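Worksheet: the structure to be examined is printed underneath.
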Amino acid sequence: MKSLLLATLVLVSAHASAEGQIASLVNFSSTAARPTTDEGETNVTSILSASMEYTLPENVSFYGGLSFVIGETFENSVSLGARYYSSTPALQILPGIPMWSFIGGGVSFFDETVYYPEAGFRIGISDVSRLDIFVKILNSSSDTYDKHVMVGAGLTF
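Heads up: the sequence shown is residues -18 to -1, 1 to 139, going by mature numbering (1 follows the signal peptide of the UniProt record, and there is no 0).
Below, the structure written as structure tokens:
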């Protein structure tokens, strides 16, 4: 199933409309808060993701790729998500460095399915690169992933 989803993502990315923009997206998020679990339960320490992102002119983007849990156990999964960016920069850090806000959500297919809302900022560090700073709240039926608050950073290029 994971191979089929990845093949579909690659196929869709290869035939994307010229009106949008395709970019690589690499994220690292670390646990800022997590619930205490029973002895013997595993927890998530951090998540590394490598994805492809397709951004539409309407400030909506869709991304998908692979995610890796780094913690007491190692897992990998296919992850899919979407974001909505502000149409104009929320603020200007320095001249020529705009910062947009975004909200979104996604799903990761680890041993248990994990859903998450996310919110953050995208900083334009160059004409072709963007830096993302975000917060995610993991939701799952498994105590391993549920109620984890993740803080992270990503690079789009």
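Glycine included, every Cβ here is placed at the ideal spot set by N, Cα and C.
All of these numbers come straight from a predicted model, not from anything done at the bench.
Reference residue i, options the options, closest by Cα
{"i": "Ala135", "options": "Phe116, Asp93 and Ser122", "result": "Phe116"}
{"i": "Ser43", "options": "Phe50, Leu30, Gly88 and Ala64", "result": "Ala64"}
{"i": "Asp125", "options": "Thr70, Phe92 and Pro39", "result": "Phe92"}
{"i": "Ser33", "options": "Gly102, Ser12, Val89 and Asp128", "result": "Val89"}
{"i": "Ser123", "options": "Glu94, Phe10 and His130", "result": "Glu94"}
{"i": "Leu38", "options": "Phe10, Glu1, Ser11 and Asn121", "result": "Glu1"}
{"i": "Phe103", "options": "Gly86, Val96 and Asp128", "result": "Gly86"}
Own chain partners of residue i with C-beta closer than 8 Å, once the 5 adjacent residues on each side are dropped
{"i": "Ser111", "result": "Leu137, Thr138 and Phe139"}
{"i": "Ser68", "result": "Asn41, Trp82, Ser83 and Phe84"}
{"i": "Ala52", "result": "Here residue 52 turns out to be Ile, not Ala, going by the sequence shown. Once the five neighbours on either side are set aside, the close Cβ partners of Ile52 are Thr27, Ser28, Ile29 and Leu30."}
Outcome for residue i when other beta-carbon atoms lying within 10 angstroms are tallied against a minimum of 16
{"i": "Gly78", "result": "exposed"}
{"i": "Lys118", "result": "buried"}
{"i": "Ile75", "result": "exposed"}
{"i": "Phe56", "result": "exposed"}
{"i": "Glu54", "result": "exposed"}
{"i": "Leu120", "result": "buried"}
{"i": "Asp114", "result": "buried"}
Opposing strand residues paired with residue i [DSSP bridges]
{"i": "Phe44", "result": "Tyr36 and Ala64"}
{"i": "Ala14", "result": "None, per the DSSP bridge assignment."}
{"i": "Ile119", "result": "Val131"}
{"i": "Val26", "result": "Gly53"}
{"i": "Ser31", "result": "Asn9 and Ser49"}
Contact set for residue i: own chain, Cβ-Cβ below 7 Å, skip 5 residues either direction
{"i": "Gly106", "result": "Ile79, Pro80 and Arg112"}
{"i": "Ala(-3)", "result": "Its pLDDT being 47, under 50, Ala(-3) is placed unreliably by the model, and the measurement read from it follows with that caveat. The residues are Ile4 and Tyr36."}
{"i": "His130", "result": "Thr13, Arg16, Val26 and Leu120"}
Cβ neighbours of residue i in the same chain (closer than 6 Å, five flanking residues each side left out)
{"i": "Tyr45", "result": "Leu7, Ser33, Glu35 and Gly63"}
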